[in-house]
Amino acid sequence: MSTSIWIVIVVIALIVGAVFGFFMARRSMETYLKKNPPISEEMMKSMMTSMGQKPSQKKLAQMMAQMKNQQK
1 MSTSIWIVIV VIALIVGAVF GFFMARRSME TYLKKNPPIS EEMMKSMMTS MGQKPSQKKL
61 AQMMAQMKNQ QK
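Numbering follows full-length UniProt numbering, with no gaps: position 69 of the sequence shown is 69.
Set out below in structure tokens:
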């Protein structure tokens with residue numbers, strides 16, 4: 001085979017690998033964020049307490065629901 005054919009094969013393989021890698025990284029990041037949300041209820045509770053608010057369970061549930069809706 002000539003050198004130009006090998007160059008074309010290498011370029012195509014790089015493009016396919018980059019596209020496949022992008023989608024695999026995106027999928028793994030989405031599953032990671034679903035399992036480990038960036039802010040938990042305990043973090044939210046301590047944040048509200050430090051701001052001088054008394055967090056009720058209803059208020060925490062509402063704020064967590066809002067955050068989940070924003071992620072979607």
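The C-beta atom is built at its ideal place from N, Cα and C for all residues, glycine as well.
With H, G and I counted as helix, E and B as strand and the rest as coil, what does DSSP make of residue i?
i            : result
glutamine 66 : helix
glutamine 71 : helix
lysine 59    : helix
First and last residue of the alpha helix (DSSP H) that includes residue i?
i             : result
glycine 17    : 3–35
methionine 44 : 41–50
Under 8 angstroms by Cβ, that's how I've got residue i and residue j pegged, so tell me the actual separation to the nearest angstrom.
i            : j             : result
glutamate 30 : leucine 60    : Rounded, the Cβ-Cβ distance is 24 angstroms, inconsistent with contact.
residue 147  : methionine 64 : Absent from the structure is residue 147, since the part of the chain shown begins at 1 and ends at 72.
Report yes or no: is there a C-beta of chain C within less than 8 angstroms of the C-beta of residue i?
i             : result
asparagine 36 : Protein chain content of the structure displayed is limited to a single chain, and chain C is not contained in it.
Of all the options the options, which has the alpha carbon lying nearest to the alpha carbon of residue i?
i             : options                     : result
asparagine 36 : Met1, Lys68, Ile7 and Met51 : Lys68
isoleucine 39 : Ile7, Gln66 and Met1        : Gln66
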